[in-house]
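>
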Amino acid sequence: MSKHHVSTVINGEPIEFLCETQQTLLDVLRDELGFTGSKEGCGSGDCGACSVMVDDRLVCSCLVLGAEVDGCRVETIEGVAAGGNLHPLQQVFLNEAALQCGICTPGIIVAAKALLEKNPDPNEEEIRFWLAGNLCRCTGYDKIVKAVQQAAAIMRS
Amino acid sequence: MLTYNKPTTVDEAVALLKQPGTRRRVLAGGTDLLVQLRSGRLQAEGIVDIKRIPELQNIREENGGFRIGAAVAGAALGENAALRRMWPGVVEGANLIGSTQIQGRASLGGNLCNGSPAADGVPALIAAGVRCTIAGPGGRREVPVESVVVGPGKTSLAEGEFLVDFYLPAQAAKGGDAYLRFIPRTEMDIAVVGAAVNLVLDASGVCTAARVSLGAVAPRALLVEAAGKALVGTRVDDAALDAMAAAARAACAPINDKRGTIEFRTHVAGVLAKRAAKIALERARSRA
Amino acid sequence: MIPPPPGTGGGFPRHAMATVILQPAFARRLTGGVTNLDIDATDYQALVEQLDEQFPGFAEAVASHVAVAIDGQIYPNPLLEPIGPTSEVFFLPALEGG
Amino acid sequence: MGNEGNKFKWVGTRQVRPDGVDKVTGQATYGADFTLPGMITGKVLRSPHAHARIRSIDTSAAAALPGVRAIVTAADFPDLPSEVVAGGEAPVNYRHVSCNTIARDKVLYEGHAVAAVAATSTAIADEALALIKVDYEVLPHVIDVADAMRDDAPVLHDDLITSGVDPAPKKASNIASRTEFVLGDVAKGFGEAEVVIERKYTTQPVHQGYIEPHAVVASVAADGMATIWCSSQGQFMVREFCAKLLKLDDASIRVIPAEIGGGFGGKTTVYLEPLALVLSRKSGRPVRMVMTREEVFRASGPTSGGVLHVKLGAKHDGTLVAADIELAYQAGAFPGSPAIPGCMTAFACYDVPNARAVGYDVVSNRPKCAAYRAPGAPLSAFAVESAMDELALQLKMDPIELRLKNAAKEGTRALYGPKMPTIGFVETLEAAKAHPHYSAPLKPNQGRGVASGFWFNIGGQSSAAVHVNEDGTAVVVSGNPDIGGSRASMALMAAEVLGIDYNKVKPIVADTASVGYSFLTGGSRVTFATGKAVVDAANDVVSQLRARAAKLWKCDVEEVVWKDGVAYPAQGQTDTRTQLSLAEIAASAARTGGPISGKACINAGGAGPGFGTHICDVEVDPETGRSSVIRYTVVQDVGRAIHPSYCEGQLQGGAVQGIGWALNEEYLYDDKGRLLNPGFLDYRMPVASDMPMIDTVMVEVPNPTHPFGVRGVGEVPIVPPLAAVANAVARAADVRVNDLPISPPRLLSAILHK
């Protein structure tokens, strides 16, 4: 079976991989490249646990074919912490207990980071609607929304 | 085995799509296609990714209106201030498709050609009088957007044809449009009812033209001419809005399904048409 | 260091007798319908032994499918939990949770 | 609430959870994240029919497919007797568990597993499934609980004779059991009643909705020793169920807990684990199985839906004199709905002298129900608390006043028998009444609902060990998966007892070979029961530390006291020259007798009951029937908040799950008994933009049986919301919907036809 040869840059690092057409970017990240921080909660774009950035756009990696990212930049949760230093969002999520089981957390942090890069001072409604595609069944969202607000404040100052 | 091609020109894409015997599917944002392929609802032997064709990816002003590539992602539409100013309803519809993540991928072309009666992007395009460019083995043709979908999952596109772009005409000096949809939650649902209104006022504030389109209340998105007529010649007062809503309800031919009942869809279609018309009216009035 | 919680150790001086109360359905099956019984026992095991003498099969019936409430506190699998002279003992369906 | 007025140094403070960094960086390993060399993929063939007899299964074509390494059917599993035996803490019928894991003779719901394949790739496994030929004799099916109870209903189990009815019925039915609880004289009670409210309520089954699908990796060595990596609410539960289903020794199975991506009760049983184990045994390769979301909905357990009839009798002054509830809960394909706790919890909030509860456990052609937060309680609370609201309206009484007038207190006799121990229900009502939310003004089309709820909380068996390291730091070992911050709670309690810095205490969740038996993470038991074990183990360490100090000081251990992590001579505690810190004693451990390590294995009784009262504001759009929750406050007696932030998280998460249950979540079936909405698109769980902030008030009435006063907190918050929302909608829309969910079409129809 002939596979597609894909050259991409993941979290700043040039990476090449082979994949079949039906393999999604999420399949490739998790099964071929070992980036298991992106989670598969639904496989249909309804839960956001697989959120990644492709060429600066927030997408569900379960709805992107691996073959599609040839020549693209991909950023995953594994690239959010710069070296050993946690991103302000990650630190605030810890301080404010904005996670319980933690399975949705990588996708939410990737999505929230994308929001704050677009809008450094979002109000509660903007945060809630931006994150509407990231399901969390544990927290009721309260501490997540507050954590994003607090991280935004820290990042502004 | 499933093939994958990423043509860079329309002709290349047509050449791939017209090859007899191989069932190839057009991939734009993929937010419907990939889900349907995975669930087995759709079969395909090949995927033709049209996102690498420049003209399918850009938005440009043309004769006072806009030409929008079929594969432009919802997020990109939302970021175009000039488009938002002229056709806020069209952009509202496009931006209501799915989550932020879906917006990063989903296109108006895909939303239309997926053929769902509930497509959020479509009613506002119909109300705006949009025309579509379709390319195929026989060259290019232009058709009104409401003629593309013929039934659930079915389009009028012939073998080897695909959608290239949409042309949004210039909005009238005192024209305004709006789209509203009803879903049980605030996000992430398929429209149970959608209503788009595009109306034009004269200098005295009388409605001179109006197009009303409904989604999810029939096998395909409807252009409800009677509803538009009910507004023309009026100041879009309550009486006119009631008449328009009644016409909208009369045009509904919905089904009971997991998303809504006939009673609910018919009633709410009138409610949303009215609310959308009021927003469109405000937008028309506010234009200098 | 943290002191052990109260009421977890030791027996009680004997004056009166503990009361065992059964739900009617349970009583119909095990005690011929008697729902209130006075038992003189200092711990749960002794209490069940006495009940089993009076109503053969009782011990087996409460061996695994039940929790026991002694003076309002529920014990999933009691054995030597102390029974006071004025204690109330109830047999309940075993409880789980999410 | 922080730890103001907190007499503890660590307990009650908001520390960063020890497992947090891995979870915010994507490093934490959940069920599907684990891989082994040579690992292959397992997939399950599921029934397309709601009810059918399996005439034959032909796997030959699939077996011949290159890349297929093993195929299993029920024939590969022991044919267990149908008997209820003692499980971890509650009775289990292992035949039912086995038949639910892989169908034997009959499929009882769409999605029921009939075979499983292990292959070298997912694509090959899928291809193989398509090649398995199953010859079904399709049988008539029944979905809804009321239909399943009819005499002419298709019977799922030919041997199911209703228990709890005498004389016992002669013929099989779908009614597995009838349970009755009686207190006082109900007829007499209603005779004295001056106001009577009598209503019927229905609720739909709802899924726990954890975001992580079930996932497992199993590897069986040539000697039969099995190792299982999986996310579950109990590694010991997985071991026990696999051992019983496959007739293996517990000792031949080692279960290593992965991080768990949500459970809420839904991961208190097995689905894939026994299949993966047998596939690995047959193929000689490690096998990974991961459910798709669609499989999670079609084949894993929701909680029951039910039909409930409630009757309340009261005096004009609001005093309850009689209460009656008859409920039928659907169990899914096998008996075991939470009808009994539904009965026991129904009136537990109130002091009712005459009460009766009758519960029916009913099977139908749906996935077997599983535990879900306070199993059974939300349904009966929805019915009772809705009726209480109507009673308050009829008596023109404030709904909190009505509840205060009848509130259960210490010593109140519960319908299920015992008198209530120390509880804090009245305190939650007082706090709710005093909360600014309760007196805030409402706009048109807005309504405010109040409801209360109860859960027993459970204790049970837990083990823990505390190892003191050579440098004076410590490791806390326990056997309960951390589903929402329990590692932090364990470390806080250990640090408090040892008197050392929280950050010097590192907790781990150990596998079944590394710590003593511990019952599930569930029933709101971990911080209570496992916490108690950790405290005992830490106290064990403290007595060892005192003994070591005594050795060094050549005195009796009684002459050594332990305070804030330091040993002092009993007399002259100011004499700092003769103090020994934990670190100093640890450093001298080798000289004083070797390593210092404490352990505790307990069966915790006396879990303190939990009560909560919720206030909900909704705004109704009368033209569309949409209800929006615009403000929500949770008040709950938590006994003692060990980690206040994670307590609040439980209150908020439980409330939002309850709101989803009330407004949108439901299973939709076609006329063939096939599920129409097996995905997050049309199974509508609340999204971030649906919710307001969830305000919390934690009342602390310490549980006397726990050293820190802990009560379980996880279950209670899902009990009140169904009625809190329904009562708010009823007051906002001026029409009451007694059937959940109160979805827009249902509410609009009620509004249009009122």
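Chains B, S, D and A are the protein sequences, given in the same order. Count the first sequence with my numbering and you get residues 1 to 157, in order. Count the second sequence with my numbering and you get residues 1 to 288, in order. Count the third sequence with my numbering and you get residues 1 to 98, in order. Count the fourth sequence with my numbering and you get residues 1 to 754, in order. Just so you know, even glycine gets a beta-carbon here, dropped at the ideal spot from N, CA and C.
(1) Pull up the DSSP beta-bridge partners for M698/A, would you.
(2) Of the residues K200/A, P644/A, R548/A and K554/A, which one's Cα is nearest the Cα of V713/A?
(3) Using alpha carbons as the reference points, say which of E623/A, S386/A and A50/A lies closest to T202/A.
(4) When you compare only the Cα positions, how much space is there between T292/A and R38/S?
(5) Determine the burial state of H5/B: buried for a count of at least 16 other Cβ atoms within 10 Å of its Cβ, exposed for fewer.
(6) Looking only at its chain, what residues have a beta carbon closer than 7 Å to the beta carbon of K113/B, apart from the 5 residues adjacent to it on each side?
(7) Please confirm if P341/A has its CB atom under 8 Å from at least one CB of chain D.
(8) Short of 8 Å Cβ to Cβ, which residues in the region 613-624 of chain A face chain S?
(9) Residues of chain S with CB closer than 7 Å to the CB of R285/A, please, in chain order.
(10) Is M264/S close to chain A? Criterion is C-beta to C-beta, closer than 8 Å.
(11) If you follow the beta strand (DSSP E) that H614/A is in, where does it begin and where does it stop?
(12) State yes or no: is the beta carbon of G679/A nearer than 8 Å to at least one beta carbon in chain B?
(13) Within a Cβ cutoff of 6 Å, which residues of the same chain sit near V196/A, ignoring the five residues on either side of it in sequence?
(14) Which residues in the same chain as V515/A place their Cβ atom closer than 8 Å to its Cβ, once the five residues preceding and following it in sequence are excluded?
(15) Determine the contact status of E259/A and V216/A, defining contact as a CB-CB distance below 8 Å.
(16) Please check if any C-beta of chain S sits within less than 8 Å of the C-beta of V59/B.
(17) Looking at C-alpha atoms only, which residue of V255/A, A537/A and S452/A is the closest neighbour of I400/A?
(18) Could you check how far apart the C-beta atoms of A383/A and L308/A are, in whole angstroms? I think they sit under 8 Å.
(19) With a threshold of 8 Å between beta carbons, is S47/A in contact with chain S?
(20) Taking the beta strand (DSSP E) that G94/A falls in, what are its first and last residues?
(21) Could you please give the first and the last residue of the uninterrupted beta strand (DSSP E) stretch that includes L183/A?
(22) Under a Cβ-count criterion, where at least 16 other Cβ atoms within 10 Å of its own Cβ denotes burial, should P717/A be classed as buried or exposed?
(23) From the beta carbon of P117/S, is the nearest beta carbon of chain A less than 8 Å away?
(24) Please check if any C-beta of chain S sits within less than 8 Å of the C-beta of R298/A.
(25) Report the neighbours of S743/A on chain B: residues whose CB is nearer than 8 Å to its CB, in chain order.
(26) Of the residues P14/B, V9/B, S44/B and C136/B, which one's Cα is nearest the Cα of T24/B?
(27) Anything in chain A within Cβ reach of E88/D, meaning under 9 Å, just list it in chain order.
(28) Is the beta carbon of G48/B closer than 8 Å to that of G107/B?
(29) Which partner residues of F17/B appear in the DSSP bridge assignment?
(30) So, does the CB of Q22/B fall closer than 8 Å to a CB anywhere in chain S?
(31) Please list, in chain order, the chain B residues whose beta carbon lies closer than 8 Å to that of N646/A.
(32) Once the 5 residues before and after A732/A are set aside, which same chain residues still bring their CB inside 7 Å of it?
(33) Can you name, in chain order, every residue of its own chain whose Cβ lies under 6 Å from the Cβ of M685/A, other than the five neighbours on each side?
(34) Nearest-angstrom Cα distance between K532/A and G606/A?
(35) Select from the region 5-28 of chain A all residues with a C-beta closer than 9 Å to any C-beta belonging to chain B, and list them in chain order.
(36) Does the region 9-21 of chain B touch the region 61-71 of chain B, meaning 3 or more C-beta pairs lie closer than 8 Å?
Looking at the atomic coordinates:
(1) Q636/A
(2) P644/A
(3) S386/A
(4) 11 Å
(5) exposed
(6) V80, H87 and L89
(7) yes
(8) E623 and T624
(9) Under the 7 Å cutoff, chain S gives no residues; its nearest Cβ is about 25 Å from R285/A.
(10) Checking the sequence shown, residue 264/S turns out to be Phe, not Met. Yes, its Cβ sits closer than 8 Å to a Cβ of chain A.
(11) G610 to D621
(12) yes
(13) G313
(14) S463, A464, A465, V477, S478 and G479
(15) no
(16) yes
(17) S452/A
(18) 4 Å
(19) no
(20) Checking the sequence shown, residue 94/A turns out to be Tyr, not Gly. Run containing Y94/A: none in the beta strand (DSSP E); it sits in the alpha helix (DSSP H), Y94 to T101.
(21) I175 to L183
(22) buried
(23) no
(24) no
(25) Those within 8 Å of S743/A in chain B number zero; the least Cβ separation is about 18 Å.
(26) S44/B
(27) G417, P418 and K419
(28) yes
(29) V6/B
(30) yes
(31) It should be pointed out that residue 646/A corresponds to Tyr in this sequence rather than to Asn. Ordered by position in chain B, the residues that pass the 8 Å Cβ test against Y646/A are A97 and Q100.
(32) N445, Q446, G447, V618, E619 and V620
(33) G209 and G660
(34) 11 Å
(35) R14, V16, R17, D19, G20, V21, D22, K23, V24, T25, G26, Q27 and A28
(36) yes
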